[in-house]
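Take a look at the structure below.
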Amino acid sequence: WHFDSADLDAKGEQLTFHYSNASPKLSLDSVWRARPGHGPAEHWVTLANQSGATITVTQQESLALTNLAVPAGESAQAWWINRGGSNATREGGTLTVPVDADFDQVLVSDPTNGSSPVPWMDFQIKQDEGLYVGWEFSGIGNIHAKTTSTNPTRFALGVGLAPDFKTDIPAGETFLAPPAFIGCYKGDIDDGSYTLHRFILEKLLPSLPPDQPYPTLAYNLYLDVGGTKAHEWDVLGSAALCKHLGFETFVPDAMWYVTDGDWRWDPARFPRGGGPIVDYTHQNGMKLGLWVAWTHGGDSSYPQALNIFRHPDWATEVLKPDWKPEDINWSTLIDLGFDPARDWAEQELDRIVSDNHLDYLKHDYTPIVTQCLQTNHRHHYAVDVSYWSTLGYYHVMDGVKQRNPNLILEGCSGGGHIKDFGYIKRVHYVVTTDTLSALPDRQSIYDSTFAFPPALLMAYTYENFYNKDADRPLPFFWRSASMSAWQIDPTHSANWSPEEIAGTRRATEIYKSWIRPILQDVEVHHILPRPDDFHWDGMFYWSPSLKRGTVYVFRPNNDQATQRIRLKGLAADAQYHIRSEDGSIAEETRAGSDLMNAGLKVKLPGKYTSDLILVELSK
């Protein structure tokens, strides 16, 4: 490689180093970007093939740091989190290991593996300072960190595509080594998380429509009125309940359409199509969303449907003549790395949005594939399937958003299987876990907020479905999800008592008036241990701009009636007014130093009870 030149853009934010190679003729740009405000610096590489022939590119790291130093006399801890996709209890987790002489840690991220780590790693020095890295890509890749000497004061770090990666780049095309980032901070890991949260919300998140609060309070209709047996009047009844409870976006889930690939309102159950539901929702001041698994093919005979037999080469598998969809929502997948399939998906999404006058689109399992048996697709080596599939998915999402700038996008992907920093450049919400229960919700929010702001983590609630003690339609359950973006998903609403309905309305009122404003710039403090359904758990959220915050506290299956909770992140010499929604503490004014050192003595009346403690800077 020969260094040719470097240039800085007009804003002074992006520095590009230009290199060339004579034989084969190639050009390479190494790009660094550091934008004003909170957050990290980013780096990526582009490699242009000017040779006139196809070249094979092997692993290209997005970020390689070979000589990081731990301050003399100090020790570091490496932190990472698992996605917790299908169930955060089994697949989630916050993990730490010491950076010692034996430190050699590889995090392999996989968009189809709900237990794989988020492509993020943090290195914390005591409670004083730290460094974090991450990867803005959804395909298979890894972060590899290891000490480079027996005296663990120095270590190396690589972020990017997997070591066995390779792919072909035809003449005239350009290869991208996707962006990675690195950030430093003072304080503990929650302080580092805050700088990353601000970066995500201010610089990565897609633009939001001006007339929709963020996060929206969403109501999801799936099982509550019969699932795939529901009719028009059932859906309209659920929309009425959505309005009555105070939710703002009504989202029919995997129950409205004919079959996989045939994304129409089922004419047998909805003979007037979706028109009455569209009209009712919008006339009552709500937004309308739909669930679509648009990379699933089926065997529908409807002319506009994605019948996989019409396009067998789009599928990730080679279909047998007697192939049948296994089950609704679990049919074969198309590979968005194949241009014809990608182009169809783009047109189909535009049609779905237009025909249904959608404000909100939720897409599910799974737009990114990691395995494909076809030989005529863009991938050639198996190890590059997810790379091209990811780029195809990004192309579809970027185009749909560009053509529908006020559309809100929710990424479900079989729950939180896709949970990374490239994904959140294409969606406004990431489903945080797919087990819609109090404990997995709180575990997932605990884990994921080390890397992601709670406003974009969508938590769901199935009442009386998984755990009949924790998942009753009571404040304990609703608060387990309303620490983040909250999407209620009733299953037995017809059985709710008047008191339960009133309590749900109260929960939405508190969310709108107190919780949601705080989420705009919240500092998340992990003040109690990760939830385990036995020990008390909770978190403290503080808004620097509003100068107020919320202590979420939960007493699960525990006989202990009281718990002392010490807050974090307050000004020691300031005075704070504290009160609670359910009376677990006395209303009073106390010094920040007292709240952080002596703490709050909280009393909850029984198992599976909770409270919101409201903290405000005294004027």
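Residue numbers (my numbering): 801 to 1419. Just so you know, even glycine gets a beta-carbon here, dropped at the ideal spot from N, CA and C.
Report yes if the CB atom of residue i is closer than 8 Å to the CB atom of residue j, and no otherwise.
i, j, result
"isoleucine 881", "phenylalanine 1109", "no"
"glycine 819", "tryptophan 832", "It should be noted that the sequence gives tyrosine, not glycine, for residue 819. No, they are not a contact pair."
"aspartate 1241", "tyrosine 1262", "no"
"serine 1237", "aspartate 1271", "yes"
"aspartate 1184", "phenylalanine 965", "yes"
"leucine 1136", "tyrosine 1193", "yes"
"serine 909", "valine 918", "yes"
"tyrosine 1246", "glycine 1214", "no"
"glutamine 877", "glutamine 927", "no"
"leucine 1400", "isoleucine 1385", "yes"
"leucine 1209", "lysine 1219", "no"
"threonine 846", "threonine 974", "yes"
"alanine 980", "glutamate 842", "yes"
"glycine 1275", "tryptophan 1296", "Note on identity: in this sequence residue 1275 is proline, with glycine being the wrong assignment. Cβ distance not < 8 Å, so proline 1275 and tryptophan 1296 don't count as in contact."
"leucine 1045", "threonine 1308", "yes"
"serine 993", "valine 1227", "no"
"threonine 1095", "cysteine 1172", "no"
"glycine 885", "histidine 1217", "yes"
"serine 1293", "leucine 1041", "yes"
"phenylalanine 1265", "threonine 1291", "yes"
"proline 1112", "leucine 1119", "yes"
"leucine 1256", "aspartate 1159", "no"
"leucine 1414", "isoleucine 1378", "yes"
"leucine 1005", "isoleucine 1224", "yes"
"tyrosine 1102", "aspartate 1062", "yes"
"proline 963", "valine 899", "no"
"serine 916", "arginine 883", "yes"
Using a 10 Å radius around the Cβ and a threshold of 16 neighbouring Cβ atoms, would you call residue i buried or exposed?
i, result
"proline 1205", "exposed"
"serine 938", "buried"
"glutamate 906", "One detail in the question is off: residue 906 reads as valine in this sequence, not glutamate. Flag for valine 906 reads exposed."
"lysine 1419", "exposed"
"tryptophan 1033", "exposed"
"cysteine 984", "exposed"
"lysine 986", "exposed"
"alanine 1141", "buried"
"glutamate 1388", "exposed"
"aspartate 1099", "buried"
"serine 823", "exposed"
"asparagine 1084", "exposed"
"glutamine 1104", "exposed"
"aspartate 1162", "The residue you asked about is not aspartate; residue 1162 is lysine in the sequence shown. Under this definition lysine 1162 is a buried residue."
"arginine 1151", "exposed"
"histidine 1157", "exposed"
"glutamate 1299", "exposed"
"asparagine 867", "exposed"
"lysine 811", "exposed"
"arginine 1072", "exposed"
"proline 1121", "exposed"
"glutamine 1360", "exposed"
"leucine 1395", "buried"
Report the CB separation of residue i from residue j in whole angstroms; it is logged as a contact under 8 Å.
i, j, result
"leucine 1412", "threonine 1350", "6 Å"
"tryptophan 790", "leucine 1090", "Missing from the structure shown is residue 790; the chain here goes from 801 to 1419 and no further."
"asparagine 1020", "tyrosine 1260", "7 Å"
"isoleucine 1365", "leucine 1417", "Incorrect: roughly 19 Å between the Cβ atoms, too far for contact."
"methionine 1086", "glutamate 1048", "6 Å"
"aspartate 1066", "valine 1058", "5 Å"
"alanine 977", "glycine 960", "6 Å"
"threonine 948", "alanine 901", "That belief does not hold up - the Cβ atoms of threonine 948 and alanine 901 are roughly 10 Å apart, past 8 Å."
"arginine 1355", "lysine 1407", "7 Å"
"isoleucine 940", "threonine 1170", "6 Å"
"serine 795", "alanine 1372", "Past the boundaries of the shown model lies residue 795; the chain is included only from 801 to 1419, so the question cannot be answered."
"valine 1322", "proline 1405", "At roughly 28 Å, the Cβ-Cβ gap does not stay under 8 Å, so valine 1322 and proline 1405 are not in contact."
"arginine 1069", "alanine 1030", "7 Å"
Take every Cβ of the region 1276 to 1295, pair it with every Cβ of the region 1229 to 1243, and state whether three or more of those distances are shorter than 8 Å.
Between the region 1276 to 1295 and the region 1229 to 1243, the count of Cβ pairs shorter than 8 Å is three or higher; the stretches touch.
Complete runs of the beta strand (DSSP E) confined to the region 1196 to 1277 [at least 3 residues]:
1208 to 1211, 1229 to 1231 and 1257 to 1261
Take every Cβ of the region 963 to 978, pair it with every Cβ of the region 868 to 876, and state whether three or more of those distances are shorter than 8 Å.
no
Alpha helix (DSSP H) runs wholly inside the region 874 to 904, at least 4 long, in chain order:
Fully enclosed alpha helix (DSSP H) runs of 4 or longer: 888 to 891.
Whole beta strand (DSSP E) runs in the region 962 to 1042 with 3 or more residues, listed along the chain?
Counting only runs that start and end inside the region 962 to 1042, the beta strand (DSSP E) elements of at least 3 residues fall at 966 to 969, 974 to 986 and 1018 to 1021.
What are the uninterrupted segments assigned as alpha helix (DSSP H) that are 4 or more residues long and contained completely in the region 1118 to 1166, given in chain order?
1139 to 1155
What are the start and end residues of each continuous alpha helix (DSSP H) run of 4 or more residues lying completely inside the region 1319 to 1404, in chain order?
1392 to 1397
Enumerate, from N- to C-terminal direction, the unbroken alpha helix (DSSP H) stretches of 4 or more residues contained entirely within the region 1083 to 1109.
none
Every unbroken alpha helix (DSSP H) inside the region 819 to 874 [4 residues or more]:
none
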